[in-house]
Amino acid sequence: MIGRIHGRRAFDRLARGGRRSHAGALWCTYAPDEHLVPLRVAFAIPRAVGSAVTRNRLRRRLRALLAEQTALASGALLVGAKPTAVELTFVQLRDNLRRLVTLVASSTALGTSS
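When we follow my numbering, the leftmost residue of the sequence shown carries the number 59, and every step to the right adds one.
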């Protein structure tokens with residue numbers, strides 16, 4: 059299950075204390091917080107990606123793929139996409155997202171930022 063990020067405070071916390079990472083056509087900022095269970099997610103998909111229909115389809119795909127991930131159990135996650143993300147197949151998008159989650163989870167465990 060995935061929650062949604064609401065409010066300016068959550069986004070400020072991501073900007074100040076979040077760990078940034080990128081993999082392929084995706085990027086993210088993650089702020090671990092054991093009090094935010096389940097994981098809270100927001101998406102940053104710019105107009106350059108495509109029409110509203112295209113952006114919403116990509117957002118739905120990413121939300122479905124994030125529901126499969128278990129590496130990040132709590133905290134706030136901002137996921138963004140580059141325009142090339144819409145050209146990816148569902149499997150390629152899954153691979154990019156898995157790599158991204160693995161990178162951010164390992165950087166959080168190590169206390170470093172990528």
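Ideal Cβ positions, reconstructed from N, Cα and C, are used throughout, including at glycine.
Sheet register partners of residue i (DSSP bridge)
| i | result |
| --- | --- |
| Gly61 | Arg98 |
| Val111 | DSSP, once it has assigned bridges, lists no residue as partnering Val111. |
Beta-carbon spacing of residue i, residue j below 8 angstroms
| i | j | result |
| --- | --- | --- |
| Val107 | Val144 | yes |
| Cys86 | Gly138 | yes |
| Ile103 | Leu116 | yes |
Residue closest to residue i, alpha-carbon to alpha-carbon, out of the options
| i | options | result |
| --- | --- | --- |
| Leu123 | Pro104, Val99, Thr87 | Val99 |
| Leu120 | Leu84, Leu130, Ser79 | Leu84 |
| Leu158 | His93, Gln127, Arg118 | Gln127 |
| Ile60 | His80, Ala129, Thr160, Ala81 | Ala129 |
| Arg105 | Ser165, Leu151, Lys140 | Lys140 |
For residue j and residue i, believed in contact at Cβ under 8 angstroms, the rounded distance
| i | j | result |
| --- | --- | --- |
| Val162 | Arg77 | 6 angstroms |
Exercise for the section: Count the C-beta pairs between the segment 145-160 and the segment 63-74 that are closer than 8 angstroms, then say yes if the count reaches three, no if not. Expected result: Counting C-beta pairs closer than 8 angstroms gives fewer than three between the segment 145-160 and the segment 63-74, which falls short of the contact rule.
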